[in-house]
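Notes to accompany the following structure.
Residue numbers (the numbering used here), protein chains in the order written: chain E, 1 to 187; chain W, 1001 to 1653.
Okay, here's the thing in structure tokens:
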């Protein structure tokens, strides 16, 4: 059942993201631009690149097993997934650290100016919130705390939270052409 | 009439006539019904055991219409052995019972179920050791395929048979047909399992089988009568009513009953156990280390396992007070529950049968779960994928895995447990345990393993064993020409001998080319007459799952953590199984455990190696999750403060 839900969710999120990308592609100014020196920009780029790459690999391996085979991951797919997992954790934490300040909600967001920017901020914070169960659901299964029933609960939690995370990520990327509202820097 | 006291009602003439009819007809109808329906079968719900003080009956003729004769002490003429079909059959449906699991390997149309322990036909002269069974298990040969008639089956393996099965088919073969009237059939020996008396002696049964006294097995093994003599060498037309007619070289079987076993009504008391005691099962279902060491093998080999003799522990179920028959039970049909996952069908009482498996008792969800107080395991920290990939027994049964599996001897294969002069245990074949293999359910299952060696015909990638007698006739001289000696490979087959034997057997256009299978390899002659060896699916080792002894939870795999299995030298993945080959040039080889389980060794090495980084993964995971939570908290509180200020400012305005 999760395979079907995942397929539908990913397709819908991808469509929404593409629509947002197409609709918001013109007539939106790039407010503020990216500040900082060259090394800072390079670091931010690297973090974003690693995060996107790990999300793609983790999502690809995980959802291929769920949608493609219908069984839990095993074999080299599982190895790749488990290898990328700590990299994703670190990249996610770093990305959240560098983006949290600019992603704060400000008065302009509440007033409705640049609503798509507010939506994008909402996606950001939801992804941050989902990142916690995505990570903890697997790490907790590695310690001798939960029995078989708990293990199944953690596994299903991981499945659905990663699906939600991925869907939000697709929408977030689709909204990427719209900037966070000008008031963000002023907070 | 005082109706209050006795509850009688005036019923009148019709009622009186009906009562008289019932009373007068009862002995006739009850007597006929008592003899036909099987008084002793089924369950009337009373927990007490019926007392078996009954007459003994003998049946010295194998004619279908032969009538049994009662046995009484002091009667004229020679005493005869009692026949359990005639004695027990007065109350029990022996015909239905004889179709049970222990007695139906030779029957057609019986579902073979999961593979099990075979008989092993060993013929040293032709370097043969081939697993044999009447059940259609992959990897075993049918007895007829290797030239074993039912008579031969009983002669070779009857020492650990409960009777029936091939014992009833003795006349299907010239050798057995000739001896049938003298030796009798090896009928179902009910007492082998159900005799609660400590006098029941299966070693004596094995001895009587060796003496070809099939008809005398129940009498001798129950110790109700002393049996001397043997049917070996007796004339096929020997008349047991006139034993004095025997020649000077013949000593026919003679039975002597003690008069003390009979009561005044010529009845004998049987101590019958409805629930078979474990000691009865042990005679056939015992295992011991072939080279028993107390605490491991200083030569680096495996730790021997055992059914429970010192210094080994009992199965935890037995130690907890259960007996074999608590789980391995049956109805009147004696289709005993084997207890593996997926056994049985809903039509055959599948739900009850399923409840007597590991998962059924310990993890079941229906009302039959938790039988006998079975604890429900929590399996903390074990991802549930383990339960999809591994059988319960893999972690819980047999001895702990070692780098090199130990050798064991089983009662049926190696003929242990009998203690009569002239008896000897078999040294071959070598049986290794524990090993790990997969079966129909694709679950890794702890098992035992032996290496078949036999001559065969190969046609269309299928192997058909050649009877050792045929091999001996064609190539006996070649096979006997080997050099003696000491050390590894001494007495083994040389390549020249194999070539000579294959040439002697020749190729058959219809049956296929002659090959020799040993040590997991197939040896055959190429177009130039040279010997070539190759691996062949049908030439691989024969494995069968084991379930006992079950170790305590603290000794199960995984109890000490993931490292029990997920290391780069874990025996369950990287053990090396010794390859036993009859070929001199193939000595000292081993089979990796991953190859037996058809797993990718490189993958498992890499996966297990990654467990070194598992603690780091946990630290990273917990740290980043904690950091994300802190960030959420920080910005959340800041946002909350902003909102509250805005609300307050709005309120002032």
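Cβ coordinates follow ideal geometry from the N, Cα and C atoms, glycine included. Please read all numbers here as calculations on a predicted model, not as lab measurements.
Asked	Found
For a test of the three-state rule: what should DSSP assign to residue 1041 of chain W, helix, strand or coil?	coil
Would you identify the three-state DSSP class for residue 54 of chain E, choosing helix, strand or coil?	helix
To which residues of the same chain is residue 1533 of chain W closer than 6 angstroms at the C-beta, ignoring the five residues directly before and after it?	1521 and 1523
Could you check which residue in W/1205, W/1074 and W/1175 has the C-alpha nearest to that of residue 1187 of chain W?	W/1205
Against chain W, with Cβ distances strictly below 9 angstroms, would residue 123 of chain E count as a contact?	no
Suppose you measure from the CA of residue 1358 of chain W to the CA of residue 81 of chain E; what does that come to, to the nearest Å?	33 angstroms
Per DSSP, what kind of secondary structure is residue 1118 of chain W in: helix, strand or coil?	coil
Quick one: using the 10 Å Cβ neighbour count with 16 as the cut-off for buried, is residue 1264 of chain W buried or exposed?	exposed
Buried or exposed for residue 1161 of chain W, going by 16 or more other Cβ atoms inside 10 Å?	buried
Using only the alpha-carbon positions, how far apart do residue 1255 of chain W and residue 1170 of chain W sit?	23 angstroms
Which whole-angstrom value describes the C-beta separation of residue 1464 of chain W and residue 1511 of chain W, a residue pair presumed to lie in contact below a C-beta threshold of 8 angstroms?	7 angstroms
Candidates W/1450, W/1466, W/1451 and W/1150: which alpha carbon is nearest residue 1457 of chain W's?	W/1466
Determine which residues share a DSSP beta bridge with residue 1524 of chain W and list them.	W/1532
Listing by chain order, which chain E residues have their CB less than 8 angstroms from the CB of residue 1378 of chain W?	147 and 148
Hey, how far is the Cα of residue 1299 of chain W from the Cα of residue 1406 of chain W?	Note on residue 1299 of chain W: pLDDT 34, under 50, position unreliable in the model; the coordinate value appears next. So the alpha carbons of these two residues sit roughly 11 angstroms apart.
Output the distance between the C-alpha atoms of residue 1312 of chain W and residue 1288 of chain W, rounded to the nearest integer angstrom.	9 angstroms
Taking Cβ to Cβ, would you say residue 160 of chain E is nearer than 9 angstroms to residue 127 of chain E?	no
Look up residue 1577 of chain W in the DSSP assignment and give the residues it is bridged to.	W/1591
Using the C-alpha atoms, what's the distance from residue 1449 of chain W back to residue 1103 of chain W?	24 angstroms
Give me the chain W residues within the contact set of residue 98 of chain E, using Cβ-Cβ distance strictly less than 7 angstroms, ordered along the chain.	By Cβ distance, chain W contributes nothing, its closest Cβ being about 11 angstroms from residue 98 of chain E, past 7 angstroms.
Would you call the region 1274 to 1287 of chain W and the region 1195 to 1210 of chain W touching, i.e. three or more CB-CB distances under 8 angstroms?	yes
Step through the CB atoms of chain E and report whether any lies within less than 9 angstroms of the CB of residue 1464 of chain W.	no
Assuming residue 1584 of chain W contacts residue 1492 of chain W (C-beta within less than 8 angstroms), just tell me the rounded distance between them.	4 angstroms
When DSSP labels each residue in this structure, what does residue 1304 of chain W get in the three-state scheme?	Any reading at residue 1304 of chain W must be qualified, since the residue scores a pLDDT of 43, below 50, and its modelled position is unreliable; the value itself is stated next. Here residue 1304 of chain W sits in coil by DSSP.
Can you find a C-beta in chain W that's less than 9 angstroms from the C-beta of residue 29 of chain E?	With a pLDDT of 45 at residue 29 of chain E, under the threshold of 50, the modelled position of this residue cannot be trusted; read the value that follows with caution. For residue 29 of chain E, the answer is no, since every Cβ of chain W falls outside 9 angstroms of its Cβ.
Please list, in chain order, the chain E residues whose beta carbon lies closer than 9 angstroms to that of residue 1621 of chain W.	85, 86, 89, 135, 136, 138, 139, 140 and 142
What did DSSP end up calling residue 1448 of chain W once you bin it into helix, strand or coil?	strand
Please tell me whether residue 1167 of chain W and residue 1154 of chain W are closer than 9 angstroms, where the distance is taken between their beta carbons.	yes
I'd like the span of the beta strand (DSSP E) that includes residue 71 of chain E, first residue to last.	Note, residue 71 of chain E: premise wrong, no beta strand (DSSP E); not H, not E.
Taking the straight line between their C-alpha atoms, what separation do you get for residue 1426 of chain W and residue 84 of chain E?	55 angstroms
With a cut-off of 8 angstroms on the beta carbons, I'd call residue 1514 of chain W and residue 1531 of chain W a contact; round off their distance for me.	Rounded, the Cβ-Cβ distance is 12 angstroms, inconsistent with contact.
Between the Cα of residue 170 of chain E and those of E/21, E/2 and E/66, spot the shortest distance and give me the residue it belongs to.	E/21
Compare the C-beta of residue 1618 of chain W against all C-beta atoms of chain E and say whether one is closer than 9 angstroms.	yes
Are residue 1317 of chain W and residue 1550 of chain W close, meaning C-beta to C-beta below 9 angstroms?	yes
Measure the C-alpha to C-alpha separation of residue 146 of chain E and residue 138 of chain E and round it to an integer number of angstroms.	11 angstroms
Is the CB-CB distance between residue 2 of chain E and residue 163 of chain E below 9 angstroms?	yes
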